[in-house]
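Just so we're aligned, residue 4 is where the sequence shown starts under the numbering used here, counting upward by one.
We put the beta carbon where it would ideally sit given N, CA and C, even for glycine.
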Amino acid sequence: MIYNLALLGDPVEHSLSPQIHQIFFETSGLKGGYLCFHTAPNNLPQTIKHLQELNFSGVNLTIPHKQAGLQIANEASEEAKLIGACNTLLFNKDRSIKAENTDWIGFLQSLPDNVRQPSKKAIILGAGGSARAIAMALNKLQIPEIILLVRETSTSQTNAQSIIQTFSSQSSKFSIGSIEAPNEVIANADLIINTTPIGMHGSDEEQSPLPEACFKNIQNPNCYFYDLIYNPAETQFMWLARHRGFLTQNGYKMLQLQAAYAFSLWTGTDIELLKRSI
Ligand code: NAP
Numbered sequence: 004m005i006y007n008l009a010l011l012g013d014p015v016e017h018s019l020s021p022q023i024h025q026i027f028f029e030t031s032g033l034k035g036g037y038l039c040f041h042t043a044p045n046n047l048p049q050t051i052k053h054l055q056e057l058n059f060s061g062v063n064l065t066i067p068h069k070q071a072g073l074q075i076a077n078e079a080s081e082e083a084k085l086i087g088a089c090n091t092l093l094f095n096k097d098r099s100i101k102a103e104n105t106d107w108i109g110f111l112q113s114l115p116d117n118v119r120q121p122s123k124k125a126i127i128l129g130a131g132g133s134a135r136a137i138a139m140a141l142n143k144l145q146i147p148e149i150i151l152l153v154r155e156t157s158t159s160q161t162n163a164q165s166i167i168q169t170f171s172s173q174s175s176k177f178s179i180g181s182i183e184a185p186n187e188v189i190a191n192a193d194l195i196i197n198t199t200p201i202g203m204h205g206s207d208e209e210q211s212p213l214p215e216a217c218f219k220n221i222q223n224p225n226c227y228f229y230d231l232i233y234n235p236a237e238t239q240f241m242w243l244a245r246h247r248g249f250l251t252q253n254g255y256k257m258l259q260l261q262a263a264y265a266f267s268l269w270t271g272t273d274i275e276l277l278k279r280s281i
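Below you can see the structure in the form of structure tokens.
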């Protein structure tokens, strides 16, 4: 059997996913390849249909297709439904399509054990698609207090409310604050996660979602700073935190782990074997 896999997005040119999946092919000993196809939103359904006809096993979806993929699929995992987005489509033999989301578990498992366990208060910066996946992971970790810091736009406010409604539970209480006035809220945080694109290569690279002055107000010396961005490897947000003596992490491990779970779903390869290869 040959496993043909692909990433569909707009843009996809600089994706690191082909290199990551090449390692999984070598580790598993399976035959196949992982290609990137630049796909405009109006071409998504047709591209998926063509790839099914060419016997592809499935695709990853990235910006801007993660929500649209859920509409195209015939069925979806509980996690993908709750998050409202999918990053992985499985093409079944009967031509039906299943949508999965592996971003949330990629994030969860990328957190060091000593950050996962004792965290009591987590801050999520932003409320877009990836913030929903992070909200699910923090909820599964039963972190008691989770605050979404967002801007005043109606999209951000609506999205943040939707996250609260979807993910608040007895063990995890969610609330909303303003990203423009973060000081009081972040002072005693254990974990601060940037899910905004601020600081990403090519746009706003010199910017941080939290102003420099904020970092002085953080009183917990063990506060952990996580940026979902992996290009550049150290964002301004991470740099500002590191220069104040805090530990930081970028999004590369999450990228590798979400890819490992997708590869395992497509091919049935043991996830532990794939995890050991990254
Ligand atoms: P998204 O759905 O567009 O969400 C972005 C969020 O950031 C929205 O809440 C947006 O608010 C907010 N935002 C944008 N500009 C802002 C600003 N100047 N000030 C305050 N808030 C701002 O994007 P996404 O899909 O969640 O992706 C976000 C980032 O995560 C990207 O850098 C992406 O590369 C990264 N990511 C990494 C991984 C990984 O595996 N490491 C996986 C997924 C995503 P509005 O709604 O008001 O615009």
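Sub-9 angstroms separation of residue i and residue j beta-carbons
i    : j    : result
T198 : L231 : yes
L268 : G36  : no
Y233 : L194 : no
Y6   : K52  : no
L243 : N225 : no
N77  : S99  : yes
L8   : L38  : yes
I108 : Q261 : yes
G132 : A102 : no
Same chain, Cβ closer than 7 angstroms to residue i, five either side skipped, listed in chain order
i    : result
I166 : A130, A134, R135, A138, L151 and F177
L111 : A140, K143 and L144
E209 : Q239
S175 : L141, N142, Q145, I146, P147 and I149
G254 : D230, L231, I232 and Y233
F266 : H24, F27, T272 and L277
T30  : L276, L277 and S280
When the options are compared against residue i, the one with the closest alpha-carbon
i    : options                   : result
I23  : V153, E275, K256 and T270 : K256
K84  : L92, G12, N104 and L111   : N104
Q222 : N191, E215 and M203       : N191
S171 : I86, N220 and D116        : I86
F59  : P147, P44 and F94         : F94
N45  : S113, E155, E215 and A71  : A71
P214 : G205, S206, A184 and Y229 : A184
R279 : Q168, S122, S113 and S211 : S113
T156 : I182, K124 and E148       : I182
P48  : K69, R119 and E81         : K69
H1   : E237, Q168, S122 and H204 : In the structure as shown, the chain begins at 4 and stops at 281. Residue 1 is therefore absent and cannot be evaluated.
S206 : D116, N220, T161 and P235 : P235
Exposed unless 16 or more other CB atoms sit within 10 angstroms - verdict on residue i
i    : result
Q239 : buried
T65  : buried
Q173 : exposed
S20  : buried
G202 : buried
T91  : buried
P212 : buried
D106 : buried
N186 : exposed
M241 : buried
Cβ shell of residue i (< 6 angstroms), same chain only, five flanking positions each side left out
i    : result
A163 : A130, L151, V153 and I179
V188 : I150 and G180
I196 : I127, I137 and Y229
R245 : T251
K124 : E148, A192 and D193
Own chain, CB closer than 8 angstroms to residue i, minus 5 neighbours either side, in chain order
i   : result
T50 : L11, F40 and T42
Any chance you could list the residues with Cβ under 5 angstroms from a heavy atom of the ligand MG, keeping chain order?
Absence of the ligand MG is noted for the structure shown, with the ligand NAP being the only ligands found.
Report the start-end ranges of each beta strand (DSSP E) in the region 152-237 that is 3 residues or longer and not cut off at the edges.
176-181, 194-197 and 227-230
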